[in-house]
Amino acid sequence: MQLKRVVVTGLGALTPIGNNLQEYWEGLKNGKSGAAPITYFDTEKFKTKFACELKGYNPLDFFDRKEARKLDRFAQYALVSSDEAIADAKLDLDAVDKFRVGVVWGAGIGGLETFQNEVIGYASGDGTPRFNPFFIPKMIADIAPGNISIKHGFMGPNYTTVSACASSANAIIDALNYIRLGHCDVVVTGGSEAAVTIAGMGGFNAMHALSTRNESPETASRPFDATRDGFVLGEGAGALILEEYEHAKARGAKIYAEVLGGGLSSDAHHMTAPHPDGIGVVKVMENCLENAGLKPEDVDAINTHGTSTPLGDVAELKAITKVFGEHAKNININSTKSMTGHLLGAAGAIEAIASILAMEHSLVPPTINHSEVDENIDHTLNLTLNKAQEREVNVAMSNTFGFGGHNACILFKKLS
Numbered sequence: 004m005q006l007k008r009v010v011v012t013g014l015g016a017l018t019p020i021g022n023n024l025q026e027y028w029e030g031l032k033n034g035k036s037g038a039a040p041i042t043y044f045d046t047e048k049f050k051t052k053f054a055c056e057l058k059g060y061n062p063l064d065f066f067d068r069k070e071a072r073k074l075d076r077f078a079q080y081a082l083v084s085s086d087e088a089i090a091d092a093k094l095d096l097d098a099v100d101k102f103r104v105g106v107v108w109g110a111g112i113g114g115l116e117t118f119q120n121e122v123i124g125y126a127s128g129d130g131t132p133r134f135n136p137f138f139i140p141k142m143i144a145d146i147a148p149g150n151i152s153i154k155h156g157f158m159g160p161n162y163t164t165v166s167a168c169a170s171s172a173n174a175i176i177d178a179l180n181y182i183r184l185g186h187c188d189v190v191v192t193g194g195s196e197a198a199v200t201i202a203g204m205g206g207f208n209a210m211h212a213l214s215t216r217n218e219s220p221e222t223a224s225r226p227f228d229a230t231r232d233g234f235v236l237g238e239g240a241g242a243l244i245l246e247e248y249e250h251a252k253a254r255g256a257k258i259y260a261e262v263l264g265g266g267l268s269s270d271a272h273h274m275t276a277p278h279p280d281g282i283g284v285v286k287v288m289e290n291c292l293e294n295a296g297l298k299p300e301d302v303d304a305i306n307t308h309g310t311s312t313p314l315g316d317v318a319e320l321k322a323i324t325k326v327f328g329e330h331a332k333n334i335n336i337n338s339t340k341s342m343t344g345h346l347l348g349a350a351g352a353i354e355a356i357a358s359i360l361a362m363e364h365s366l367v368p369p370t371i372n373h374s375e376v377d378e379n380i381d382h383t384l385n386l387t388l389n390k391a392q393e394r395e396v397n398v399a400m401s402n403t404f405g406f407g408g409h410n411a412c413i414l415f416k417k418l419s
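Dropping the structure here:
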């Protein structure tokens, strides 16, 4: 069977460094930090008092008051970013076969704030279960793609992928395969998350996963730096329109990039820690290269998972060196989490978008906040430290890993 070619024809972003695609790119190329003191709740008793929240986001700019009340923030973010991507792709919704348009969306947690608030409300009452009738439909992770399809009438495959922080990368790979195999012409894909909440911050603090650099939030996300002390929690969404190449060409669509392949693997090691030798990460990149029909020396740039955790950064760079050998030194390696923080289930989507934009603009965004060399990291690698670097990027890789040992990797190529 001849596999169909798959391309990206639309992008949408709602991030801590920009509330649309253009603002996001401006933030990336200029090395903007999205970290700041938390405004959503009182952090006096929390170990970590900052996060990468959205700035200037008002749901009433996109939804009427009644509709906004029915949507958890993660679902709002999904609708806002997917609407931008659909508009960017210039999809004629009256012309497409809606039975062949799917929505595959990633969310690692879903409606955490809704769940938290309903339980707090019950616990503070007299024991009578007075729950909001929208509690369950607001909370469930699959409601995001459900709402996207309901809004636009898309009747193809529709579901949520859940693999912790790899969720939206998994969604993109699933979307790729639906089109490759001829089941869909178009898939709206990506991911969203809104875990900057009392429960989210408290839970990650209890795991000692978050940075506690409260005196300097904007420098707290510092992948590959010797003084890194954990990740910075972020929120938002990224959306991509994946389309069958001939379908896109026939309607004269702008094509950002071709999706050449995706790889998956498992660490099978620990609930939250990566394998110290990066065995699963080695395999996921090898699987992705094989799936895409590429050699290691074809890759120009890698947007790493790079969360700014002591163990994870070292393991990933070791894996890159093992897979790419001497060519690893010719690759621009970066971590855009240094700017956006870690968007959990939405990370794969916004980082895939960053990789695509790096190809389009021939500019690799920086890994900001680096000041001290870690002796456990090979600094002969080009980690794109502190400043964006101009270079031709024809092939870009995006890595995303999740608690539970879930690894996902995607390869994009600029159309010649």
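All residue numbers for the sequence shown refer to the numbering used here, where the first residue is 4 and numbers rise by one.
For every residue, glycine included, the Cβ atom is placed at its ideal position computed from N, Cα and C.
Just so we're clear, the structure is a prediction, and the values are computed from it rather than from any experiment.
About 6 Å separates the CB atoms of A223 and A38; that is less than 8 Å, so the two are in contact.
In this structure, the beta-carbon distance from A357 to G194 does not fall below 7 Å. Bridge partners of E247 according to DSSP: V9. Fewer than three beta-carbon pairs drawn from the stretch 261 to 281 and the stretch 388 to 396 are found closer than 8 Å, and the two stretches are therefore not classed as touching.
In the structure shown, E395 falls within a coil segment according to DSSP collapsed to helix, strand and coil. The C-alpha of H250 is placed about 16 Å away from the C-alpha of G159. Within the DSSP secondary-structure output, N161 pairs in a beta bridge with V106.
At a Cβ-Cβ threshold of 7 Å, A260 and I334 do not count as neighbours. Exclusion of the five residues before and after L314 leaves A276, P277 and P279 as the residues of its chain whose Cβ lies within less than 8 Å of its Cβ. The beta-carbon separation of G309 and C291, rounded to 17 Å, does not stay under the 8 Å limit for a contact. In this structure, the beta-carbon distance from V284 to V189 does not fall below 7 Å.
By the Cβ criterion, the stretch 231 to 249 is not in contact with the stretch 319 to 331, since fewer than three pairs of Cβ atoms, one from each stretch, lie closer than 8 Å.
S166 and G344 have their C-alpha atoms spaced approximately 18 Å apart. Runs of the alpha helix (DSSP H) lying entirely within the stretch 164 to 208 and spanning at least 4 residues, in chain order: 170 to 183.
According to the DSSP assignment, N290 belongs to the alpha helix (DSSP H) that extends over I282 to A295.
In the pairwise beta carbon analysis, the stretch 227 to 240 is classified as not touching the stretch 172 to 192: fewer than three pairs are separated by under 8 Å. A residue is called buried when at least 16 other Cβ atoms come within 10 angstroms of its Cβ; G111 meets this threshold and is buried.
If you draw a 10 Å sphere on the C-beta of V199, you find 16 or more other C-beta atoms in it, and that means buried.
Bounds of any beta strand (DSSP E) do not take in V376, whose DSSP letter is neither H nor E. Burial state of L17 is buried, judged by a 10 Å Cβ sphere holding 16 or more other Cβ atoms. Of the other Cβ atoms in all chains shown, fewer than 16 fall within 10 Å of the Cβ of S419; this residue is therefore exposed. Here E375 has D228, A229 and T230 as same chain residues with Cβ atoms under 8 Å from its own Cβ, once five neighbours each way along the sequence are excluded.
The beta strand (DSSP E) runs of length 3 or more contained entirely in the stretch 99 to 146 are, from start to end of the chain, 104 to 109.
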